[in-house]
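Residue numbers (the numbering used here), protein chains in the order written: chain S, 1 to 414; chain P, 415 to 641.
The beta carbon of each residue, even a glycine, is placed where N, CA and C say it ideally should be.
Please read all numbers here as calculations on a predicted model, not as lab measurements.
Data first, discussion second: the structure below is written as C-alpha cells.
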Amino acid sequence: MKKYKHNINAEIAYTHLFSKKKQTFIAALGVTVGIAIFIFMNSLMNGFEVASIEGLFKSTPHLRIYKNDVLSKSLIDSPDSTKVNLISNPKITSESKKIINPISLLKTLKNEPEVMGVTPNVSANVFYKNGDSEVSGRVSGVIIEEQNAMFNLQSYLVDGGYANLSGYQNGIILGVGIAEKLNLKMNDNVTVTSALGVNKLMKIVALLETGNKAVDKTLSYINLPVAQQLQKQSPSYITDIYVNINDFEKAKTLISKYENLTGYDVEDWETANASAAAANKMRKMMAFAISLSIMLVAAFGIYNILNMTIMEKLNDIAILKAIGFSGKDIVRIFVSEAIIIGIIGILFGLILAFILIILMGNMWVGGDIGFFPIRVFPKFFGVGIIFGLVVTFFAGFIPARKAAGLDPISIFRK
Amino acid sequence: MTDSTIILSTQNVGKYFYEPEKFKVLTDISFDIKRGEFVTMVGKSGSGKSTLLYLLSTMDTDYEGTLLFDGENLTKQKKERLAEIRNEKIGFVFQFHYLLPEFSSLKNVMIPALKLGKYSREEIEEKAYKTLKMLGLRDQALKNTSKLSGGQQQRVAIARALINNPKIIMGDEPTGNLDSKNTSIVFDIFKQLTSEFNQTVIAVTHDNDFAKASDRIIEMADGRIIV
Ligand SMILES: Nc1ncnc2c1ncn2[C@@H]1O[C@H](COP(=O)(O)OP(=O)(O)OP(=O)(O)O)[C@@H](O)[C@H]1O
Ligand SMILES: [Mg+2]
C-alpha cells in the first residue's frame, strides 16, 4: 500500500518554522538567553571558586608531612590501667621536630602515582631587623626551583625573580608586609635572627605578595641550607615535606596512606586552613544551589516559550489529525520543530555566553585578583548543550503528546 | 454479518455533552449507507448534524453505540488505526474550512496524499492540480490559503477531501459558502463520484434543491433521525 515515503512530517515542520520567521526567532532567542545565562553564571561561580582556591594554595601545600612534638612518656608504665603513674616527667624532646632520612622519604613519595610535586622545607621562627625596628615572622627554607614548580611562586613576586635566590646563597624573598614595616626595598639588607640566636645578614632578591595579609606580613623564603644554619642543624635536617597531588579534593583520603608510608604525621590543606576550607565548602554549596536555580529558571523559560509556540499551532494539529496524521506524526513534527529552534538557540547561546565571559574576564578588579577570575570552562559549554537539548526536547514532546492524544474535534471545540 | 454493499452502518449511536450541563445531543441513531450512495442530511440548525458527522468520520470517539465502516468495527478501535482510515478512506469537508494557513492551496490538497504515500510526488501534484482546476481554482493553486476568499477556501477543502479517492466523502455544508454556479459544479462532481466510481457521499445541507437531487435524504430533528 505505502509505496512512497514522502517526508511530509519534516516538510511541515520546516514550513512552520520558516513561514513564521519572527516567531521562530523569538522562540530561539528564549533558548539563547536561557543557555547563555546558564553557562555564564556557572563559569562565573566556578571561576570565582578556582580563584579562591588558587589563593589558598599560594603558600599551602595539599599535604604536609611533619614530625609532631611528642611528650616523653613515663619511664615505667604501669601494666595495670586502673593505677595512676605518679612518677612522670612530661617534656618535649629536643629531636622531636626532625624528619629522619628525608632523602629516601622524598624519593618514596615521588614514586606515588598521584603525587605531582614534593619538596623539603625547613621552617623557623625568626625576627627580621632593620636598624632598631624589628618584626617577628617565619622563614621557609626551600629548594627554590621545586618550590616555584609547586606553588608558582613567580606569579606573585612583585619585584625580582625567584631564580635570584639560587644565585645568591644569602638572598631572601621577603613578604611585602615585612618590607613595608621595616622600610626596606629590593637589594636592601635585612638581619634575620633565629630563636637560637643565630644572626644572618641577608639581601632582598625579590618581594612576595600573595594577597593574604597574614602571610605577606610574616613569611619569607630563603635557601634551605641557610634555614638549617639558623636552626644550628646539619644539612640533613628537614622539618616538613610539602606534597602536591593531582586532585586537591582527595587530600584528606590520602592522609592515612602517607602516614603509613612515612611513619610521620600528615596534615591536609583543609585541616591547615580550617576557615578557608569551610568557606570553600560553603561556596561550593552555594554555587550548587545557585546553579540549580538558574537551571530551573532557564528550563522553565525555554519550556514556556516553546510550549507557547506549539499551543498556537493547536488548530493545525487538529487539521493534521483530521486528514489522517497519527499522534506519532504530530509528536514527530513538533518535537523536530522544538529541537531545531533549540539547536539554533543553543548555538547563539554558546556564542553569547562566550562573549559575556570574555567581557567579564576583561574587567579589572585590581588587588591581588587582577582581572575578574572568570574563564571559559569547556565543561559548562558541554553541559549547556546537553541541558538545552534535553529541555527543548521535552518542551516539544510534552505539549505535542498532550495535543496528539486528543480527538481533533475536541481541539476545534476549544 | 457484514453486507458488502453497505459501506457505513451505525447501531444505536448516542452522544452526550456535559457542558454547560449534561444533555443528550444524539439519540438512538441507526442507519445503513450503501456503497455508491449520494446521501444528504438535513435538519434544523442545532439538530445534531455536525455532531453526528464528526462521529461517523472517527474524529470524535466519545459516543455510545457501534460504528461499522467498510467491514470494520470502528468503535473502540485504536487511535492510530483511525488516523490511517481517515487518511486513506475518508475525505472530510468541514463547515469551517480548516486549511493549513502556512501552506499554498496546492500543498494543502497534496498533504493527505503525501502522507498516504501511494503515489509519487509528481503524480500527486498532477492530481492536485487537476482537482483544483475542476473546482475553478487553477490560478489560486500557489496562493497561501490564508489569502483566499471563503468560497475559495471551501473549494480547496473539497479538493483536499477528494485527493486520496476515499471510499466516503463527508461534507458539513460543503457548498454553504458557494455561489450557485460553483454549487452545481460540486454537486456534479459528487454525482459523478458516486455513480461512476462507486464512492459514497454524505453531505449536510440547508439547500433544498441540492438535497432533493441526491439519492436519499436523512432528516434529523433534536438529535434523532426522523426519515
Ligand atoms: N462542544 C459542545 N458542547 C456543548 N454543546 C454543544 C457542543 N457542540 C454543539 N453543541 C450543541 O449540540 C447541538 C447540536 O449541534 P450541531 O453542531 O451538531 O448542530 P447542527 O445540526 O450541525 O447545526 P447547524 O446546522 O447550525 O450547523 C446544538 O444544540 C449545540 O448547541
Ligand atoms: Mg453544523
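In its own chain, which residues sit with a C-beta less than 8 Å from the C-beta of residue i, not counting the 5 before and 5 after it?
| i | result |
| --- | --- |
| P:M415 | Note on P:M415: pLDDT 48, under 50, position unreliable in the model; no value is reported. |
| S:F393 | V335, A338, I339, G342 |
| P:A635 | G457, K458, S461 |
| P:T419 | K448, R449 |
| S:Y156 | K58, L208, E209, T210, G211, D368 |
| P:F601 | T589, F624, A627 |
| S:I273 | In the sequence as presented, Ile is not what sits at residue 273 of chain S; that position holds Asn. Cβ neighbours of S:N273 beyond the five flanking positions: L56, T60. |
| P:Y430 | K436, F437, K438, V439 |
| S:I53 | F248, N280 |
Tell me which residues share the same chain as residue i and place their Cβ nearer than 6 Å to its Cβ, disregarding the 5 neighbours each side in the sequence.
| i | result |
| --- | --- |
| S:A318 | P408, I411, F412 |
| S:V118 | L106, L109, K110, V243 |
| S:G345 | A28, V31, T32 |
| P:Q613 | L607 |
| P:I640 | E633 |
| S:S136 | F127 |
| S:Y168 | V205 |
| S:N189 | L201, K203 |
With C-beta atoms as the reference, is residue i less than 8 Å away from residue j?
| i | j | result |
| --- | --- | --- |
| S:S140 | S:S123 | yes |
| S:Y303 | S:V391 | yes |
| S:K98 | S:K129 | no |
| S:L261 | S:V205 | no |
| P:L488 | P:T424 | no |
| S:I238 | S:P61 | no |
| S:G34 | S:P373 | no |
| P:I583 | P:V618 | no |
| S:D415 | S:G175 | The structure shown does not extend to residue 415 of chain S, since chain S is modelled only from 1 to 414, so the question has no answer here. |
| P:L470 | P:L422 | yes |
| S:M186 | S:G161 | no |
| P:A571 | P:H511 | yes |
| S:G416 | S:A279 | Outside the displayed range of chain S (1 to 414) lies residue 416 of chain S, so it cannot be described from this structure. |
| P:T441 | P:R630 | no |
| S:E270 | S:K252 | yes |
| P:N578 | P:P515 | no |
| S:V415 | S:L224 | A query on residue 415 of chain S cannot be resolved here, the shown segment of chain S reaching from 1 to 414 and no further. |
| S:N183 | S:T191 | no |
| S:G382 | S:F38 | no |
| P:F506 | P:K605 | no |
| S:N9 | S:I333 | yes |
Give me whichever residues DSSP pairs with residue i in a beta bridge.
| i | result |
| --- | --- |
| P:A617 | P:T454, P:G585 |
| S:P120 | S:I241 |
| S:W364 | S:F371 |
| S:N189 | S:K203 |
| P:T424 | P:F445, P:L481 |
| P:F431 | P:F437 |
| P:R638 | P:A635 |
| S:D159 | S:L207 |
| S:F127 | S:S136, S:T193 |
| P:N487 | P:L482 |
| P:I504 | P:I582 |
| S:T265 | Looking at the sequence itself, residue 265 of chain S is Asp, so the reference to Thr does not match. Partner(s): S:Y66. |
Under the criterion of a Cβ to heavy atom distance below 7 Å, does residue i qualify as lining ligand 3?
| i | result |
| --- | --- |
| P:K463 | Because ligand 3 does not appear in the structure shown, any question about it cannot be addressed here, the ligands present being ligand 1 and ligand 2. |
For residue i, I'd like the list of residues in its chain whose CB is within less than 7 Å of its CB, leaving aside the five on either flank, ordered along the chain.
| i | result |
| --- | --- |
| S:V115 | L109, V243, I245 |
| S:Q231 | V122, A124, S194, L196, Y237 |
| P:F508 | A571, D586 |
| S:H16 | K313, E337 |
| P:L556 | S518, L520 |
Between the region 308 to 338 of chain S and chain P, which residues of the former have a C-beta closer than 9 Å to a C-beta of the latter? N315, D316, A318, I319, L320, K321, A322, I323, G324, F325, S326, G327, K328, D329
Residues, ordered as in the chain, of the region 504 to 515 of chain P that lie near chain S by beta-carbon distance below 9 Å: I504, G505, F506, F508, F510, Y512, L513, L514, P515
Inter-stretch contact at 8 Å, needing at least 3 Cβ pairs: the region 492 to 507 of chain P / the region 294 to 308 of chain S: no
Taking three-plus beta-carbon pairs below 8 Å as touching, is the region 353 to 366 of chain S in contact with the region 532 to 549 of chain P? no
What are the residues of the region 8 to 35 of chain S that lie near chain P, defined by any Cβ-Cβ distance shorter than 8 Å? I8, E11, I12, T15, H16, S19, K20
Report the residues of the region 433 to 464 of chain P with a CB closer than 8 Å to any CB of chain S, ordered along the chain. none
Give me the subset of the region 483 to 496 of chain P whose CB atoms are less than 8 Å from a CB atom of chain S, sorted by chain position. K493, E494
Quick one: which residues of the region 548 to 565 of chain P get their C-beta closer than 7 Å to a C-beta of chain S? List them in chain order. none
Please identify, using Cβ separations under 7 Å, the residues of the region 390 to 402 of chain S that lie next to chain P, in order along the chain. none
If the cut-off is 8 Å on Cβ atoms, which residues from the region 602 to 632 of chain P count as contacting chain S, listed in chain order? none
Please identify, using Cβ separations under 9 Å, the residues of the region 347 to 377 of chain S that lie next to chain P, in order along the chain. none
Short-range partners of chain P found in the region 282 to 297 of chain S, where Cβ spacing is below 9 Å: none
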